[in-house]
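Here is the structure we will look at, set down as structure tokens.
There are 2 protein chains.
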Amino acid sequence: MIAGKNDTKRQIQDVAERFIIQGGYNAFSFRAIAEEIGIKSASVHYHFPTKANLASAILARYTLLFSEQLPNPNNEKINASLLLNGFIDGFKAKVVDQRNMSLCTMLTADKHILPEEVSAELAAFYNVKLAWLTQVFMRLEQVTEDQALVLASQLLASLHGASVLVQGTNQPDFFDRALSNWKSRYS
Amino acid sequence: MIAGKNDTKRQIQDVAERFIIQGGYNAFSFRAIAEEIGIKSASVHYHFPTKANLASAILARYTLLFSEQLPNPNNEKINASLLLNGFIDGFKAKVVDQRNMSLCTMLTADKHILPEEVSAELAAFYNVKLAWLTQVFMRLEQVTEDQALVLASQLLASLHGASVLVQGTNQPDFFDRALSNWKSRYS
DNA sequence: GTCTATACGGTGATAGAC
DNA sequence: GTCTATCACCGTATAGAC
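Residue numbers (numbering that gives the first Met the number 0), protein chains in the order written: chain S, 0 to 186; chain C, 0 to 186.
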């Protein structure tokens with residue numbers, strides 16, 4: 000066996016994450032997950048006792064992975080505008096090329112029906128992104144942290160909104176249109 | 000009776016719309032709707048045979064109402080910057096003050112699991128908004144229609160993204176932060 | 001760890017009485 | 001137009017065997 004110890008547990012999270020990305024919190028079920036990976040729903044419950052437990056585990060894993068993949072915003076060897084464009088392109092790859100919304104956007108939409116356990120993880124994830132962007136903008140624009148946070152909020156809103164427009168209109172072009180001011184500013 | 004002929008039909012749509020706004024397409028049921036307005040689920044099916052039928056009726060009504068409430072973008076008696084700020088403030092009132100996402104944002108999130116009948120209505124709605132904003136920007140910036148569409152896309156993305164950030168972070172302040180560049184530009 | 005079996009409520013939808 | 005009654009699922013979750 001090449002697979003690691005927690006292979007089934009990982010598979011469950013992978014499949015469930017995909018379901019959430021496609022249809023939100025109410026669109027994934029223990030039965031559907033089990034069927035897809037070839038086990039029974041009772042076995043899924045062995046790894047994750049409740050639905051809330053599974054969902055928050057997925058979100059925690061997602062946040063961790065995302066944090067690890069972000070380069071150090073204060074690494075002087077990397078140009079700040081390069082860092083920013085990399086962030087934008089990474090977002091584009093996820094939500095436009097793959098015709099999806101991000102996991103956190105989907106769960107945010109379902110916030111009203113989310114178990115507290117899950118919604119608690121969401122704010123933390125947004126703060127990771129905002130903190131990173133704030134650092135980058137401080138380098139790029141030589142402004143205070145407060146002013147950089149405003150820029151970070153503007154860009155992050157543009158990114159999330161662009162993904163909504165792309166999905167809603169069926170026109171992938173909207174992403175570049177909606178982000179054109181940011182791209183030209185730091186090209 | 001003060002109520003009009005189609006009062007029950009209207010009530011059903013009102014309640015269902017609220018459920019969708021709060022939890023998406025999978026979060027409303029004929030039974031829950033019926034219970035809230037004091038009838039049985041079979042009676043709901045009398046007015047709207049299927050779930051897809053009800054959802055698309057709600058979206059069609061929403062689009063129509065929205066279109067009717069928009070002022071004529073080319074009415075020279077109204078200042079163009081006033082039109083734009085009115086649009087932004089209207090959006091803010093819906094998604095920030097009421098702590099909700101808009102109906103179309105929610106349905107867009109659920110696009111992958113939407114009946115074709117429903118998803119077909121979505122693009123049309125976005126196009127109504129974009130066409131209106133494009134007209135306003137043509138007046139404001141004296142630019143070509145293509146250039147105005149870019150501005151319209153940028154603003155609409157900012158608005159939708161801001162609503163996501165507000166929900167996800169629990170910080171209503173993010174709306175004004177994310178929109179500050181637009182507001183200051185046309186104040 | 002995974003299985004079978006099962007509990008129990010929710011779901012969209014329909015037939016037919018009033 | 002609204003009702004009762006019913007259908008065939010699907011949902012989360014658990015007990016207990018292997």
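Every residue gets a Cβ at the ideal spot worked out from N, C-alpha and C, and that includes glycine. Here the structure is a predicted model, which is why all the values come from computation and not from measurement.
Against D109(S), the close residues of chain C are G22, G23, in the order they occur along the chain (beta-carbon pairs closer than 7 Å). Interface residue (Cβ-Cβ distance to chain C less than 8 Å): M137(S) is not classified as such. The beta-carbon distance between A79(S) and A177(C), rounded to whole angstroms, is 21 Å. This is too long to meet the 8 Å contact definition.
Looking from the CA of T107(S), the closest CA among N126(S), K93(S), A122(S), D96(S) belongs to A122(S). Boundaries of the alpha helix (DSSP H) harbouring H46(C): 40–46, taken from the DSSP string. At least one C-beta of chain S is nearer than 8 Å to the C-beta of L155(C). Identification of residues in the stretch 110–123 of chain C having a C-beta nearer than 7 Å to some C-beta of chain S yields K110, H111, I112, L121, A122, given in sequence order.
With 16 or more other CB atoms across the displayed protein chains lying within 10 angstroms of its CB, K128(C) is buried. Following the DSSP letters along the chain, one finds S152(C) inside the alpha helix (DSSP H) bounded by residues 144–168. Distance check between F173(S) and each of V149(C), N169(C), T168(C) places V149(C) closest, using alpha-carbon atoms only.
The alpha-carbon separation between A119(S) and A54(S) amounts to approximately 11 Å.
N169(S) belongs to the set of residues whose beta carbon lies under 8 Å from a beta carbon in chain C.
With contacts defined as CB atoms closer than 8 Å, I38(S) and V14(S) fail to qualify as a contacting pair. DSSP, read as helix, strand or coil, puts M100(S) in coil.
In chain order, I77, L82, G85 place their CB closer than 8 Å to the CB of P70(S), counting only its own chain and leaving out the 5 sequence neighbours on each side. Closer than 9 Å at the C-beta level to chain S, one finds no residue of the stretch 48–69 of chain C. In its chain, beyond the 5 residues on either side, F173, F174, A177, L178 have a beta carbon closer than 7 Å to the beta carbon of A161(S).
L63(C) is classed as exposed because its beta carbon has fewer than 16 other beta carbons within 10 Å across all chains shown.
In the DSSP annotation of this structure, the continuous segment of the alpha helix (DSSP H) that includes I32(C) starts and ends at 29–36. Following the DSSP letters along the chain, one finds I19(C) inside the alpha helix (DSSP H) bounded by residues 6–22. Contact of A26(S) with chain C by beta-carbon distance below 9 Å involves G23, Y24, N25, D109, H111, I112. Here T49(C) is exposed: its Cβ has fewer than 16 other Cβ atoms, across all protein chains shown, within 10 Å. When Cβ pairs closer than 8 Å are counted between the two stretches, the stretch 135–153 of chain S is seen not to touch the stretch 89–103 of chain C, the count staying below three. Following the DSSP letters along the chain, one finds N84(S) inside the alpha helix (DSSP H) bounded by residues 79–91.
In terms of CA proximity to Q68(C), W131(C) leads the group T168(C), W131(C), V142(C). Against chain S, the CB of S152(C) has a partner CB under 8 Å away; the residue lies at that interface. Taking a 10 Å sphere around the C-beta of D6(S), we find fewer than 16 other C-beta atoms and assign the residue as exposed. In the structure shown, Q141(S) adopts coil according to DSSP, grouped into three states. If only uninterrupted beta strand (DSSP E) runs of at least 3 residues are considered, none is enclosed by the stretch 49–80 of chain C.
Excluding sequence positions up to five before and after N180(S), its CB lies less than 6 Å from no other CB in the same chain.
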